[in-house]
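Quick note, the sequences are listed as chains C and W, same order. Numbered by our numbering, the letters in the first sequence go through residues 1 to 499 in order. Numbered by our numbering, the letters in the second sequence go through residues 1001 to 1144 in order. So the structure is just underneath, and the comments pick up after that.
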Amino acid sequence: MAGLALAMAFIMAAPDAAFASFDEAINSATAPIASAIGAIVFFKIPVFGAQLPLVVLWLVVGAVFFTIRMGFVNIWGFKHAIELVRGDYANPKDAGEVSHFQALATAVSGTVGIGNIGGVAVAVTVGGPGATFWLIMAGFLGMSTKFVECTLGVKYRNENPDGSVSGGPMYYLRKGFAERGMDGFGKFMGAFYAIGIFIGAMGIGNMFQSNQAYVQLNNVAGGALDGLGWLVGIIMAGIVYLVIVGGIKSIARVTEKIVPFMAIFYMVFALIVIAMNGSAIPEAIGNIFTGAMTGEGVAGGALGALIIGFQRAVFSNEAGIGSASIAHSAVRTNEPVTEGVVSLLEPFIDTIVICTITALVIGTTAVAHPGFAGDATGIAMTSAAFETQISWFPIPLALAGMLFAFSTMISWSYYGLKGWSYLFGEAPKLQLIYKLLFCFFVALGCTVQLGPILDISDALVFLICVPNILGLYILSPIVKKELDSYFARVKSGEIQKFK
Amino acid sequence: MTEKFLVAVDASPGSERALKAAITVAKSSGTELVLVHIIEWSPFSFHTPDELAERHKRREEELDRAKEALLSPAEAAASAAGVAFESIVRHGNPAEMLADIAEETGVIQMYVGRTGGSKTQRLLFGSVASSLIQISTVPVTVVP
């Protein structure tokens, strides 16, 4: 805390001019790094005139494979997922343990971030309205990937001697491979994932969030915060510092409680705007379908739209990245499949419901008020779409955006920490280094422009899909066996409802 | 089979009086007691990932604390009066969970104090006693 106060004092005392080009300096330093990392991770192969990044292909093929391998559990498992979340199968004697609802809610508040508001706008800008269709498809297929990773997360989690749990890809990669006689490879994959989730936590779960929160704040303030990204960043970093280092859990707890209401508030107003653009709905939906098939005006045509849609969907619902299985692993259950089934709902809520609604707000506005957004993209574009119908909405939207960003940052600080402590152990001193680093990146996120930020975040997060999905493939027979055994027992009545 | 009364135990003076009343009746009629404390908890609340990971540990601590601070004194009072008893601590919605446990243990009647929880809580959600009157499947004795 003292360090922070010192930094603040220094900034206050320093002449304004010294900081005028501060944002710019950071920006020009980051951009080349971003494009270098991006070029490696998003190595593209030309397919029918479109540029297909290998990593997107990797994710799509994985999601399709898991959907088929698990026999479309994303469709028929849905009803059971709702029953589990409602607590129909919860033994009252276990009350007080982490419920399916709580594990899901925590994981959802980690994924419902500013990407649901801003990322969709990026998808529509680059990929045209057709990207929305592929976004939904990606959400649908991603449900199966999520099912596999969360089942494995619970199955291979560590139950520590003190009663707390640690789970996630690093554990299922290590233990799962060891079980199959690939001890060394498992260790390598676990460590690789841990490094990736740690670095990814600084990007997707951190810089992108703080950047978009700042953009929206500045937008509402009418540009009054131009060039003051560093200041907003330091304030935001300060609040995050209070929670993750200062242990002021009440801030996090309040956010966790507000976020679900904010999400509902957002959706209600989004539906109102869509309804107000009522006459534009048929054309907007038509544009989504024709765009998906023809890819008119999109670089790479229909395939181009598909690529963008899938990329944004994964960025939003994190299926294939494995991060959510860290949060889902905390649930108390003897049946790993139950949490896998519950986790199906996560891409559904995040992508199929919330992202689609955002896309429709933008889509209907684009039909009703062509050129409404000017040059704006990201969250500013979504905000402009709302503004055409509800003039005051950018203000609560900025607030909602800040809260979404904040809760995502808190969740991801935990995911990253789990990766970090997997590598370096639980020593409090080392954990403090991680947390300080995390705060630094929060501040940094506000000072660089959206382009390089997105490049870095995307690249780093997509990188960990490689070990994760490879693990999911190899361990999928285990998941399939668990799935069949579990549902056979539900059918036979061996697993009973309690209410 | 011996007949049993359920007694809702918490830190309130009302609960103390309910226990006293139950012990008096149980002693004269040879009834056993089921001493129950419910730790207020909802499966539909929101938590940070940190809290979830620690939850199992916290739950054990909560159970231990309730046993030690609330149930032990009640058990001692029952023993002193020579009344047989069993005790249960569980998480959940107090009124609903008490009604469920009443059914589960097959008690013929339950004793609860009139007030528990804070004033605002009562104002918002009603007292445990008044909810029990609505949902209980066994006779409820509310002790002032």
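Just so you know, even glycine gets a beta-carbon here, dropped at the ideal spot from N, CA and C.
Go ahead and label residue i buried or exposed: buried means 16 or more other beta carbons lie within 10 angstroms of its beta carbon, across all protein chains shown.
{"i": "Trp392 (chain C)", "result": "exposed"}
{"i": "Lys257 (chain C)", "result": "exposed"}
{"i": "Ile1108 (chain W)", "result": "exposed"}
{"i": "Gln496 (chain C)", "result": "exposed"}
{"i": "Ser316 (chain C)", "result": "buried"}
{"i": "Trp76 (chain C)", "result": "exposed"}
{"i": "Met262 (chain C)", "result": "buried"}
{"i": "Ala319 (chain C)", "result": "buried"}
{"i": "Ile199 (chain C)", "result": "buried"}
{"i": "Phe43 (chain C)", "result": "exposed"}
{"i": "Asn160 (chain C)", "result": "exposed"}
{"i": "Ser1042 (chain W)", "result": "exposed"}
{"i": "Ser329 (chain C)", "result": "buried"}
{"i": "Leu271 (chain C)", "result": "exposed"}
{"i": "Val1083 (chain W)", "result": "buried"}
{"i": "Thr1002 (chain W)", "result": "exposed"}
{"i": "Leu483 (chain C)", "result": "buried"}
{"i": "Phe147 (chain C)", "result": "buried"}
In terms of residue numbering, what span does the beta strand (DSSP E) encompassing residue i cover?
{"i": "Phe1005 (chain W)", "result": "Lys1004 to Ala1008"}
{"i": "Thr1141 (chain W)", "result": "Val1140 to Val1143"}
{"i": "Met1110 (chain W)", "result": "Gln1109 to Gly1113"}
{"i": "Gly369 (chain C)", "result": "For clarity, residue 369 (chain C) is His in the given sequence; the question names Gly instead. It is not in any beta strand (DSSP E) - His369 (chain C) carries neither H nor E in the DSSP assignment."}
{"i": "Val1036 (chain W)", "result": "Glu1032 to Glu1040"}
{"i": "Pro46 (chain C)", "result": "Lys44 to Val47"}
Considering just the uninterrupted stretch of the alpha helix (DSSP H) at residue i, what are its terminal residues?
{"i": "Ala50 (chain C)", "result": "Per DSSP, Ala50 (chain C) belongs to no alpha helix (DSSP H); it is in the beta strand (DSSP E), Ala50 to Pro53."}
{"i": "Phe72 (chain C)", "result": "Run containing Phe72 (chain C): none; DSSP gives neither H nor E here."}
{"i": "Gly286 (chain C)", "result": "Ile281 to Thr294"}
{"i": "Leu1071 (chain W)", "result": "Neither: Leu1071 (chain W) is in no alpha helix (DSSP H) and is coded neither H nor E."}
{"i": "Val1089 (chain W)", "result": "Unbroken run through Val1089 (chain W) is the beta strand (DSSP E), Phe1085 to Gly1092; no alpha helix (DSSP H)."}
{"i": "Lys187 (chain C)", "result": "Asp183 to Met202"}
{"i": "Lys175 (chain C)", "result": "Pro169 to Glu179"}
{"i": "Val341 (chain C)", "result": "Pro336 to Ser343"}
{"i": "Leu1019 (chain W)", "result": "Pro1013 to Ser1029"}
{"i": "His80 (chain C)", "result": "Phe78 to Arg86"}
Have a look at residue i and residue j and give me their C-alpha separation to the nearest angstrom.
{"i": "Asn287 (chain C)", "j": "Ile281 (chain C)", "result": "10 Å"}
{"i": "Phe140 (chain C)", "j": "Ser1015 (chain W)", "result": "53 Å"}
{"i": "Ser1136 (chain W)", "j": "Glu1060 (chain W)", "result": "28 Å"}
{"i": "Gly445 (chain C)", "j": "Thr125 (chain C)", "result": "22 Å"}
{"i": "Leu57 (chain C)", "j": "Lys499 (chain C)", "result": "44 Å"}
{"i": "Leu397 (chain C)", "j": "Gly130 (chain C)", "result": "25 Å"}
{"i": "Leu54 (chain C)", "j": "Asp88 (chain C)", "result": "42 Å"}
{"i": "Met189 (chain C)", "j": "Leu472 (chain C)", "result": "12 Å"}
{"i": "Ala1011 (chain W)", "j": "Arg1055 (chain W)", "result": "24 Å"}
{"i": "Leu1046 (chain W)", "j": "Gly167 (chain C)", "result": "Residue identity check: residue 1046 (chain W) is Phe in the sequence provided, not Leu. Computed Cα separation, rounded: 20 Å."}
{"i": "Glu387 (chain C)", "j": "Glu1068 (chain W)", "result": "58 Å"}
{"i": "Glu426 (chain C)", "j": "Ala1078 (chain W)", "result": "46 Å"}
{"i": "Ile308 (chain C)", "j": "Gln1134 (chain W)", "result": "56 Å"}
{"i": "Phe348 (chain C)", "j": "Leu231 (chain C)", "result": "37 Å"}
{"i": "Ala368 (chain C)", "j": "Val361 (chain C)", "result": "11 Å"}
{"i": "Val47 (chain C)", "j": "Gly304 (chain C)", "result": "10 Å"}
{"i": "Leu242 (chain C)", "j": "Lys435 (chain C)", "result": "11 Å"}
{"i": "Arg489 (chain C)", "j": "Val73 (chain C)", "result": "16 Å"}
{"i": "Phe462 (chain C)", "j": "Gly222 (chain C)", "result": "34 Å"}
{"i": "Ala95 (chain C)", "j": "Gly1092 (chain W)", "result": "6 Å"}
{"i": "Pro1073 (chain W)", "j": "Gly142 (chain C)", "result": "54 Å"}
{"i": "Ala244 (chain C)", "j": "Glu1062 (chain W)", "result": "The sequence given here has Ile at residue 244 (chain C), not Ala. Near 24 Å, if we compare the C-alpha coordinates of Glu1062 (chain W) and Ile244 (chain C)."}
{"i": "Val314 (chain C)", "j": "Met381 (chain C)", "result": "21 Å"}
{"i": "Glu97 (chain C)", "j": "Ala103 (chain C)", "result": "11 Å"}
{"i": "Arg312 (chain C)", "j": "Leu135 (chain C)", "result": "7 Å"}
Hey, is residue i close to the ligand MN, as in C-beta under 7 Å from one of its heavy atoms?
{"i": "His1037 (chain W)", "result": "As presented, the structure is devoid of all ligands, the ligand MN included, so that no description of it is given."}
Taking C-alpha atoms, which residue in the options lies nearest to residue i?
{"i": "Ile357 (chain C)", "options": "C:Leu52, C:Gln102, C:Ala121 and C:Lys93", "result": "C:Ala121"}
{"i": "Phe440 (chain C)", "options": "C:Met409, C:Ala105, C:Pro467 and C:Leu403", "result": "C:Met409"}
{"i": "Thr255 (chain C)", "options": "C:Ile68, C:Trp134, C:Gly401 and C:Ile495", "result": "C:Gly401"}
{"i": "Ser164 (chain C)", "options": "C:Phe48, C:Leu475, C:Phe487 and C:Lys418", "result": "C:Lys418"}
{"i": "Thr111 (chain C)", "options": "C:Ile352, C:Ala373 and C:Asp183", "result": "C:Ile352"}
{"i": "Met70 (chain C)", "options": "C:Gly300, C:Gly115, C:Thr151 and C:Gly113", "result": "C:Thr151"}
{"i": "Val1166 (chain W)", "options": "W:Glu1051, W:Trp1041, W:Thr1105 and W:Ser1087", "result": "The question about residue 1166 (chain W) has no answer, for chain W in this structure spans 1001 to 1144."}
{"i": "Thr377 (chain C)", "options": "C:Gly115, C:Ile204 and C:Gly186", "result": "C:Gly115"}
{"i": "Ala327 (chain C)", "options": "C:Met267, C:Phe208, C:Ser109 and C:Leu225", "result": "C:Ser109"}
{"i": "Thr132 (chain C)", "options": "C:Thr30, C:Ala292 and C:Gln212", "result": "C:Ala292"}
{"i": "Phe310 (chain C)", "options": "C:Pro32, C:Leu52, C:Ala443 and C:Ala29", "result": "C:Leu52"}
Give a yes or no on whether 8 Å exceeds the smallest Cβ distance from residue i to chain D.
{"i": "Arg1055 (chain W)", "result": "Absent from the structure is chain D; the protein chains it does hold are C and W."}
- May I have a chain-ordered list of the alpha helix (DSSP H) segments no shorter than 4 residues that lie completely inside the region 414 to 467 of chain C? Listed in chain order, they are 428 to 447 and 450 to 463.
- Query: Taking the runs of the beta strand (DSSP E) that are 3 residues or longer, which of them lie wholly in the region 118 to 158 of chain C?
  - Reply: For secondary structure counted as the beta strand (DSSP E) over 3 or more consecutive residues, the region 118 to 158 of chain C holds no complete run.
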